[in-house]
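Participant: Below is a structure I'd like to ask you about.
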Amino acid sequence: MNPVKQIVQEKYAAAARQAAAGQTACCGGSPSGDAADPITSGLYDEAQKLGLPEKAVLASLGCGNPTALAALQPGETVLDLGSGGGIDVLLSARRVGPTGKAIGLDMTDDMLALARENQQKAGIANVEFLKGDIENIPLPANSVDVIISNCVINLAADKDQVLREAFRVLKPGGRLAVSDVVVRGQVPDELRQNMLLWVGCLAGALEEQQYRSKLAAAGFTGIEIEPSRIYSIEDARAFLTGQGVDVDAMAPAVEGKFLSAFIHAAKPAATPRPAIQIFDPALCCSTGLCGVDVDPALVNFSADLAWAQQNGVSIERFNLAQQPLAFAENPTVRSFLERSGPQALPLVLLHGEVALAGRYPTRAELTRWTGLLPIAPETKPAGACCPGSSCC
Ligand SMILES: C[S@@+](CC[C@H](N)C(=O)[O-])C[C@H]1O[C@@H](n2cnc3c(N)ncnc32)[C@H](O)[C@@H]1O
């Protein structure tokens with residue numbers, strides 16, 4: 162295991178054992194016990210904590226409240242990256258209701274044991290805790306509506322990989338809604354390390370613009386980073402002094418630069434590929450229904466296409482005389498033309514694959530391909546043979 166991951170795991174296993182023993186879990190250099198931790202305290206209001214097991218609240222080690230900020234809807238599937246003692250998973254499960262599901266992913270056994278105990282005590286059924294690494298999410302692609310995470314991505318050794326994995330498992334149109342520690346602008350290296358140690362970020366928080374670039378590189382759009390808490394050097398004075406930092410001299414370099422933020426972005430909705438694409442031979446107009454000698458097969462076919470389109474089938478049609486580029490730019494069509502020549506047109510693609518060549522499809526074929534019910538008399542292919550019959 163990567164050494165950073167191992168240290169993170171040991172640290173959070175100890176924190177889980179603290180919470181399991183009824184103490185407030187504590188990490189980083191921030192104070193524990195009676196003193197309010199400026200990072201983890203006061204994140205959840207009383208109404209949210211109501212009905213949650215005490216140990217789930219004690220184990221809360223986040224730096225925000227992503228479930229309050231992510232607009233979760235009944236029926237949605239939510240995945241929490243680095244779910245810890247499970248507080249955000251349990252809150253999400255309530256929000257998505259019995260028709261939805263909340264999944265917690267964590268690599269630390271003690272945290273998973275605590276989270277499962279908390280789930281049992283809370284009596285919430287639509288929850289699953291999985292063991293695994295957020296850099297290699299054990300879920301299929303396009304399976305999750307919303308990804309939340311609370312102060313975990315900063316701990317990851319390979320943040321690009323985490324964001325790529327988050328993008329992979331989100332459904333098209335799915336949302337990422339995470340709380341995380343972010344650094345705003347440039348900070349001297351040593352001070353940055355000390356501040357991040359205080360916050361508890363072992364592997365390091367990202368600079369705000371870097372976070373944006375990495376999200377965009379993973380494919381996310383609509384990226385927003387909104388500060389939820391800005392830390393003051395006074396919050397960290399005792400810790401930094403203990404590290405030998407001259408706090409007063411360094412104050413201007415820290416002020417306003419370390420923050421907890423709510424970061425949200427989306428996986429773009431899939432643009433549906435046209436279900437049917439027709440590549441016509443050179444015709445006098447886009448449908449061939451022009452001039453004096455109109456082929457009756459084309460009339461029937463145009464009527465069938467209009468019927469399929471009215472029933473929601475996505476159709477694109479290209480005419481070699483008018484749109485030669487569409488033929489050249491489609492590799493399937495180009496290689497078909499190279500092999501068979503333009504006299505072998507029309508060519509019909511179904512979901513990008515060749516479905517028919519040399520004639521237009523019948524309504525029966527369109528019906529079968531698109532799963533539509535036939536509502537008008539079927540057309541016969543003219544000028545070509547019906548497969549398996551003698552209607553030439
Ligand atoms: C700061 S705690 C946050 C826990 C929880 N999100 C909360 O708000 O209380 C970080 C959690 O992330 C988990 N974690 C850190 N790195 C991880 C990784 N690479 N894969 C899976 N879990 C990870 C740790 O085990 C720990 O439970």
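Under the numbering used here, think of the first position of the sequence shown as 162, with each following residue one higher. We put the beta carbon where it would ideally sit given N, CA and C, even for glycine.
Using DSSP's beta-bridge definition, name the partner residues of V307.
Facilitator: In DSSP, V307 forms a bridge with V239, R336.
Participant: Does DSSP put L506 in a helix, a strand or coil?
Facilitator: coil
Participant: Please go through the same chain and pick out, in chain order, the residues whose beta-carbon is closer than 6 Å to the beta-carbon of N480, but skip the five residues on each side of it.
Facilitator: Cβ within range, chain order: D441, L444, S447.
Participant: Closer than 6 Å: is that where the CB of G225 sits relative to any heavy atom of ligand 1?
Facilitator: no
Participant: Give a yes or no on whether the C-beta atoms belonging to A412 and I394 are separated by under 7 Å.
Facilitator: yes
Participant: How far does the beta strand (DSSP E) with Q184 in it extend, from its first residue to its last?
Facilitator: Careful: Q184 lies outside any beta strand (DSSP E) and carries neither H nor E.
Participant: Of the choices P507, D465, K210, whose alpha-carbon is the least far from that of T523?
Facilitator: Of the listed residues, the one whose Cα sits closest to T523 is D465.
Participant: Counting only the same chain and skipping the five closest in sequence on each side, list residues whose C-beta sits under 6 Å from that of W530.
Facilitator: L511
Participant: Using a Cβ-Cβ cut-off of 7 Å (strictly less than) and excluding sequence neighbours within five positions of S244, which residues of its own chain qualify?
Facilitator: V250, G265, L266, D267, A276, F290
Participant: Ligand 1 heavy atoms versus the CB of G417: any closer than 6 Å?
Facilitator: no
Participant: For C312, verify whether its CB is less than 6 Å away from any heavy atom of ligand 1.
Facilitator: yes
Participant: Measuring CA to CA, which of Y173, G203, A518, C224 is closest to A366?
Facilitator: C224
Participant: For Q554, does the three-state DSSP call read helix, strand or coil?
Facilitator: One cannot answer for residue 554 here, as it falls past the ends of the chain, which runs 162 to 553.
Participant: What did DSSP end up calling T260 once you bin it into helix, strand or coil?
Facilitator: coil
Participant: Give the DSSP-derived three-state secondary structure of S389 in the structure shown.
Facilitator: strand
Participant: Could you tell me the alpha carbon to alpha carbon distance between S193 and V330, rounded to whole angstroms?
Facilitator: Confidence is the limiting factor: at S193 the pLDDT is only 45, short of 50, which leaves the residue's position unreliable, though a coordinate-based value still follows. Those two C-alpha atoms are separated by around 36 Å.
Participant: Is there at least one non-hydrogen atom of ligand 1 closer than 6 Å to the beta-carbon of L337?
Facilitator: no
Participant: What do you reckon, is the C-beta of Y205 under 6 Å from a heavy atom of ligand 1?
Facilitator: The answer is no for Y205.
Participant: Roughly how many angstroms separate the alpha carbons of D241 and I314, rounded to a whole number?
Facilitator: 11 Å
Participant: Does DSSP put T523 in a helix, in a strand, or in coil?
Facilitator: coil
Participant: Just to confirm, is the Cβ distance from V343 to Y372 under 7 Å?
Facilitator: yes
Participant: Could you name each continuous alpha helix (DSSP H) segment of 4 residues or more that falls completely within the region 447-516, going from the start of the chain to the end?
Facilitator: 457-471, 485-490, 492-501
Participant: Shortest alpha-carbon distance to D319 belongs to which of L357, V515, S501, V165?
Facilitator: V165
Participant: Count the C-beta pairs between the region 282-300 and the region 321-340 that are closer than 8 Å, then say yes if the count reaches three, no if not.
Facilitator: Counting Cβ pairs under 8 Å, three or more are found: they touch.
Participant: Helix, strand or coil for K292? Go by DSSP, reduced to three states.
Facilitator: strand
Participant: Do A231 and V288 come within 7 Å of each other at the CB atom, strictly closer than that value?
Facilitator: no
Participant: Rounded to the nearest angstrom, how far is the Cβ of A436 from that of P333, given a contact under 8 Å?
Facilitator: That belief does not hold up - the Cβ atoms of A436 and P333 are roughly 17 Å apart, past 8 Å.
Participant: Determine the burial state of K428: buried for a count of at least 16 other Cβ atoms within 10 Å of its Cβ, exposed for fewer.
Facilitator: buried
Participant: Give the straight-line distance between the Cα atoms of P227 and A263, rounded to the nearest whole angstrom.
Facilitator: Between P227 and A263, the C-alpha separation is close to 13 Å.
Participant: Return the CA-CA distance between S340 and G203, expressed in angstroms with no decimal places.
Facilitator: 14 Å
Participant: Whose CA, out of D409, E237, K375, A397, lies closest to the CA of G261?
Facilitator: E237
Participant: Which value, in whole angstroms, describes the spacing of the CA atoms of F423 and L517?
Facilitator: 51 Å
Participant: Is G212 helix, strand or coil when you go by DSSP?
Facilitator: coil
Participant: Tell me the rounded alpha-carbon separation between Q280 and V415.
Facilitator: 39 Å
Participant: Who are the Cβ neighbours of E477 in its own chain at under 7 Å, not counting the five residues just before and after it?
Facilitator: Residues of the same chain with a CB within less than 7 Å of the CB of E477, apart from the 5 flanking positions on each side, are P435, Q438 in chain order.
Participant: Just checking my contact of G246 with A220 at CB under 8 Å: how many whole Å lie between their CB atoms?
Facilitator: 3 Å
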